[in-house]
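Q:
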Amino acid sequence: MDKLREIKSIDITKDAVRPHLSLEFRTTNGRKIFVLQEDGEEIRDLAYCCVAFCDKVPTNEKELEEYSNPTGKIAIAYTVWSTEWRKGAGRDIILAIREKLIEDTERLFGVERMITLSPLTNMAKRFHERNGAKLLNHNDESYNFEYNLNED
5 MDKLREIKSI DITKDAVRPH LSLEFRTTNG RKIFVLQEDG EEIRDLAYCC
55 VAFCDKVPTN EKELEEYSNP TGKIAIAYTV WSTEWRKGAG RDIILAIREK
105 LIEDTERLFG VERMITLSPL TNMAKRFHER NGAKLLNHND ESYNFEYNLN
155 ED
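Note that our numbering gives residue 25 to position 21 of the sequence shown, counting from 1, and the numbers run on in steps of one.
Printed below as a string of structure tokens:
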């Protein structure tokens, strides 16, 4: 069974989307790192996702930094990547975070929305659309996709 948990440290150079964002950036001011782990005889990290809790929907990294707030009601998934262990792990971590937000809104700041800050690539667009997200905004620097937090 896979487990989603928060971590404080990762090798940020493995992040193909935003390797330039420091570990300190990812773990301060309402920003967190999550890992999806395969729990078995040997625990394996399957995928990582960095999430910022924000007051507004950012359209770029500067706004992401500006809008991040420990009590923000909008969860912004701004980078996700998987390891080589299992195909589909990127999808699995996004959906696991969505489930966590649905089930546990009180402990995760009473989050009301889950939105992405995604690069302007066809790969990112297809990834989120295939996982059930709706395009919220297409701007000069990013896509914002929204995942429904109402239980299906």
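Quick reminder that beta carbons are idealized off the backbone N, C-alpha and C, glycines included.
(1) Is it buried or exposed, residue 64, if we count other Cβ atoms within 10 angstroms and call 16 or more buried?
(2) When burial is assigned at 16 or more other CB atoms within 10 Å of the CB, is residue 47 buried or exposed?
(3) When burial is assigned at 16 or more other CB atoms within 10 Å of the CB, is residue 44 buried or exposed?
(4) Return helix, strand or coil for residue 117, following the three-state DSSP convention.
(5) Determine, using beta carbons only, whether residue 120 and residue 81 come nearer to each other than 7 Å.
(6) Does the beta-carbon distance from residue 54 to residue 31 come in below 7 Å?
(7) Report yes if the CB atom of residue 94 is closer than 7 Å to the CB atom of residue 86, and no otherwise.
(8) From what residue to what residue does the alpha helix (DSSP H) around residue 88 run?
(9) Please look up how many angstroms separate the CB atoms of residue 27 and residue 41, rounded, as I've assumed it's under 8 Å.
(10) Going by DSSP in three states, residue 36 sits in which element: helix, strand or coil?
(11) Looking at the structure shown, is residue 22 part of a helix, part of a strand, or coil, going by DSSP?
(12) Which stretch, first to last residue, makes up the alpha helix (DSSP H) that contains residue 137?
(13) Could you pull the start and end residues of the alpha helix (DSSP H) that residue 27 belongs to?
(14) If you count every other CB in all the chains shown that lies within 10 Å of the CB of residue 100, and 16 or more means buried, which is it?
(15) Would you identify the three-state DSSP class for residue 144, choosing helix, strand or coil?
(16) So for residue 65, helix, strand or coil by DSSP?
A: Let me lay it out:
(1) exposed
(2) exposed
(3) exposed
(4) strand
(5) yes
(6) no
(7) yes
(8) Note, residue 88: premise wrong, no alpha helix (DSSP H); not H, not E.
(9) At roughly 19 Å, the Cβ-Cβ gap does not stay under 8 Å, so residue 27 and residue 41 are not in contact.
(10) strand
(11) coil
(12) Careful: residue 137 lies outside any alpha helix (DSSP H) and carries neither H nor E.
(13) 27-30
(14) buried
(15) coil
(16) helix
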